[in-house]
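K.L.:
Numbering (UniProt numbering), first residue to last: 1 to 494.
This is the structure I want to talk about, given as structure tokens.
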């Protein structure tokens with residue numbers, strides 16, 4: 001499968017410039033790769049199956065003793081249904097936060113063997129409770145989760161069960177296993193997990209099962225080996241788009257389906273992105289997001305939608321322009337950035353915006369005309385460095401690709417970018433130097449150097465960076481800037 005996977009697509013943050021700017025652009029593709037990886041960091045996590053508070057008599061944090069283990073084993077082996085059920089309930093609750101003794105029971109004892117026997121139970125409740133226990137073991141740390149892999153064939157068989165609770169719980173356990181890491185995903189894939197999960201996602205009419213199937217499929221679509229060719233061959237985008245239309249009024253279902261598209265769009269080839277666009281899912285997601293953004297605190301439901309849109313915007317120029325042309329897209333990004341209701345949503349929107357502004361000049365003009373610049377400037381001036389960085393990419397792209405450097409409030413921005421240069425973050429430092437180079441080259445009548453002189457310690461920051469930077473490109477560019485725009489006599493006068 002690995003050889004069939006298309007190479008990652010990383011959009012350049014800035015278009016190629018004339019030869020005299022090659023130094024500062026040499027590493028931009030690499031920087032784009034790093035930023036894309038940051039945006040694709042795992043957001044979804046394992047999910048415990050919690051018992052309702054009224055059903056649990058004790059706290060989950062419980063120091064299990066060897067005698068408790070003996071009692072659990074006795075209950076699981078009991079010939080009496082009520083004792084088996086009670087033992088399963090007790091075990092599933094304690095597995096929410098397993099003690100060291102309970103960990104030993106899972107790792108070294110016959111816990112998995114005892115639970116596996118319930119797959120053959122005729123009592124659906126016992127089978128479900130056994131699955132519940134496996135789900136919480138799979139939600140634990142690696143060593144415990146890997147123990148559940150031997151049950152993968154049983155879990156897969158239950159995906160086609162007539163019992164919707166068993167279907168849901170089996171998909172839940174598989175989703176937790178897929179979240180564990182690449183090794184477990186490889187094992188699950190070898191067991192043939194993709195087709196039954198995709199079939200379940202595409203055929204179910206039950207909202208709970210749909211959400212769980214999306215969770216499991218999204219975790220299987222994580223990097224590095226995401227089996228994209230097979231997922232597209234199984235028509236996952238088309239099936240997910242169909243379900244998105246069917247469940248468009250259900251916010252939870254839309255959110256989970258959006259995560260499926262977010263992971264699909266994260267590393268798809270140009271042709272695969274075209275397939276996603278052709279399904280119409282992006283239009284549906286955009287409509288849902290526009291409605292959600294109007295709420296007072298939209299929060300988490302917007303994150304996978306905006307991430308999907310950002311990943312599409314990181315495609316080809318044609319794909320980016322197609323997205324920009326969709327009604328409500330640009331205004332949605334601006335609203336997410338200016339609302340300040342959710343830091344996570346704001347960062348996702350800034351990421352998407354940086355991809356759009358790295359596209360064609362007309363696309364840059366569209367976001368500038370929508371009034372985004374004041375908000376980007378506000379973020380640069382008021383926010384912490386991590387989110388400032390996201391805004392800075394957009395501003396730099398506007399300056400270079402949109403050729404709008406003269407329209408930016410550079411008298412306010414220059415001090416902020418000097419602070420970038422003084423920071424310990426290599427990426428921020430490079431961005432600060434790039435901004436200084438842009439204003440030096442593009443502003444008329446030596447306006448750029450004059451702006452830098454007006455910042456206390458501005459020129460010193462450039463000189464100091466030359467002395468300490470390990471980045472040869474940055475050092476070379478700084479030397480050229482200082483020699484060209486200030487010169488030795490000017491520097492002595494300063």
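Glycine included, each C-beta is placed from N, C-alpha and C at the ideal position.
The model shown is predicted, which means the values in this text are computed figures rather than measured ones.
Write down the C-beta distance between residue 397 and residue 364 rounded to the nearest angstrom, noting that I regard them as a contact closer than 8 angstroms.
P.N.:
About 7 angstroms separates the two Cβ atoms, so the contact holds.
K.L.:
Where do the ends of the alpha helix (DSSP H) carrying residue 184 lie?
P.N.:
Segment 182 to 190, the alpha helix (DSSP H) holding residue 184.
K.L.:
Look up residue 245 in the DSSP assignment and say whether it is helix, strand or coil.
P.N.:
Three-state result, residue 245: helix.
K.L.:
Output yes or no for whether 8 angstroms exceeds the beta carbon distance between residue 156 and residue 120.
P.N.:
Not in contact: residue 156 and residue 120 (Cβ atoms no closer than 8 angstroms).
K.L.:
Just mark residue 467 as buried or exposed, buried being the case when its beta carbon has 16 or more other beta carbons within 10 Å.
P.N.:
The residue is exposed, with fewer than 16 neighbouring Cβ atoms inside 10 Å.
K.L.:
Between 416, 340, 285, which lies nearest to residue 431 when the distance is taken from Cα to Cα?
P.N.:
Answer by Cα proximity: 416.
K.L.:
Could you tell me the boundaries of the alpha helix (DSSP H) in which residue 340 lies?
P.N.:
No alpha helix (DSSP H) holds residue 340; DSSP gives it neither H nor E.
K.L.:
Please classify residue 375 as buried or exposed, where buried requires at least 16 other C-beta atoms within 10 Å of its C-beta.
P.N.:
Residue 375 should be labelled buried.
K.L.:
Comparing alpha-carbon positions, which option in 250, 304, 184 lies nearest residue 263?
P.N.:
Nearest option by C-alpha distance: 304.
K.L.:
Reducing DSSP to helix, strand and coil, say where residue 67 ends up.
P.N.:
Of the three classes helix, strand and coil, the one that applies to residue 67 here is helix, per DSSP.
K.L.:
Below 8 angstroms between beta carbons: does that hold for residue 334 and residue 373?
P.N.:
Result no, Cβ atoms of residue 334 and residue 373 do not sit closer than 8 angstroms.
K.L.:
State the Cα-Cα distance for the pair residue 457 and residue 470, rounded to the nearest angstrom.
P.N.:
For residue 457 and residue 470, the distance between alpha carbons rounds to 21 angstroms.
K.L.:
Which runs of the alpha helix (DSSP H) spanning at least 4 residues fall entirely within the region 84 to 129, listed in chain order?
P.N.:
Segments of the alpha helix (DSSP H) lying fully in the region 84 to 129: 100 to 107, 111 to 116.
K.L.:
Got a sec? Which residues, its chain only, sit under 7 angstroms from residue 240 by beta carbon, not counting five neighbours each side?
P.N.:
201, 257, 260, 261, 281, listed in sequence order.
K.L.:
Pick out whichever of 126, 325, 443 has its Cα sitting closest to the Cα of residue 78.
P.N.:
The shortest Cα separation from residue 78 among 126, 325, 443 belongs to 126.
K.L.:
If you draw a straight line from the C-alpha of residue 124 to the C-alpha of residue 162, how long is it?
P.N.:
Looking at the two C-alpha atoms, the distance is approximately 11 angstroms.
K.L.:
For the alpha helix (DSSP H) that contains residue 196, what are its first and last residues?
P.N.:
Its alpha helix (DSSP H) spans residues 194 to 203.
K.L.:
Contact check, residue 451 vs residue 439 under 8 angstroms by CB: the rounded distance?
P.N.:
At roughly 6 angstroms, the Cβ-Cβ gap stays under 8 angstroms, so residue 451 and residue 439 are in contact.
K.L.:
Identify the continuous alpha helix (DSSP H) that holds residue 308 and give its terminal residues.
P.N.:
Residues 302 to 313.
K.L.:
Can you tell me where the alpha helix (DSSP H) with residue 214 in it begins and where it stops?
P.N.:
That run of the alpha helix (DSSP H) goes 207 to 220.
K.L.:
Just how far apart, CA to CA, sit residue 86 and residue 208?
P.N.:
Cα to Cα, the separation comes out at about 26 angstroms.
K.L.:
Where residue 193 and residue 276 are concerned, what is the direct C-alpha to C-alpha distance, given to the nearest angstrom?
P.N.:
Distance between the alpha carbons of residue 193 and residue 276: 22 angstroms.
K.L.:
Flag this pair as yes or no: are the beta carbons of residue 351 and residue 322 separated by less than 8 angstroms?
P.N.:
No, they are not a contact pair.
K.L.:
Between which residues of its own chain and residue 206 is the CB-CB distance below 6 angstroms, once the five residues before and five after are set aside?
P.N.:
Within the same chain, residue 206 has close Cβ partners 164.
K.L.:
Any idea what DSSP makes of residue 47, helix, strand or coil?
P.N.:
It is coil, neither helix nor strand.
K.L.:
Consult DSSP for residue 291 and reduce its assignment to one of helix, strand or coil.
P.N.:
The answer is helix: DSSP assigns residue 291 an H, G or I state.
K.L.:
For my contact list, residue 173 and residue 135 are in at a C-beta cut-off of 8 angstroms; report their separation, rounded to the angstrom.
P.N.:
The pair is a contact, with the Cβ atoms about 4 angstroms apart (cut-off 8 angstroms).
K.L.:
Tell me which same chain residues have a C-beta within less than 6 angstroms of the C-beta of residue 464, skipping the five on either side of it?
P.N.:
Cβ neighbours of residue 464 beyond the five flanking positions: none.
K.L.:
So, under 8 angstroms CB-CB, residue 177 and residue 138 are touching, yes? Tell me the CB distance rounded to an integer number of Å.
P.N.:
Between residue 138 and residue 177 the Cβ distance is about 5 angstroms, and since that is below 8 angstroms, they are a contact.
K.L.:
The alpha helix (DSSP H) with residue 453 in it runs from where to where?
P.N.:
Unbroken alpha helix (DSSP H) run through residue 453: 447 to 453.
K.L.:
Could you tell me the boundaries of the alpha helix (DSSP H) in which residue 459 lies?
P.N.:
Taken as a continuous stretch (DSSP letters only), the alpha helix (DSSP H) holding residue 459 covers 458 to 468.
K.L.:
Would you mind giving the Cβ-Cβ distance between residue 330 and residue 290, rounded to the nearest angstrom? I have them listed as a contact below 8 angstroms.
P.N.:
Not confirmed; about 11 angstroms, so no contact.
K.L.:
Whose C-beta lies closer than 7 angstroms to the C-beta of residue 377 among residues of the same chain, with five residues either side of it excluded?
P.N.:
Answer for residue 377: 409, 412, 413, listed in chain order.
K.L.:
Which same chain residues, not among the five before or five after residue 319, have their C-beta less than 8 angstroms away from its C-beta?
P.N.:
So the qualifying residues of the chain are 270, 273, 274, 277, 312, 313.
K.L.:
Given residue 380, which residues of its chain have a CB within under 6 angstroms of its CB, disregarding the five upstream and five downstream residues?
P.N.:
Contacts found: 388, 391, 416.
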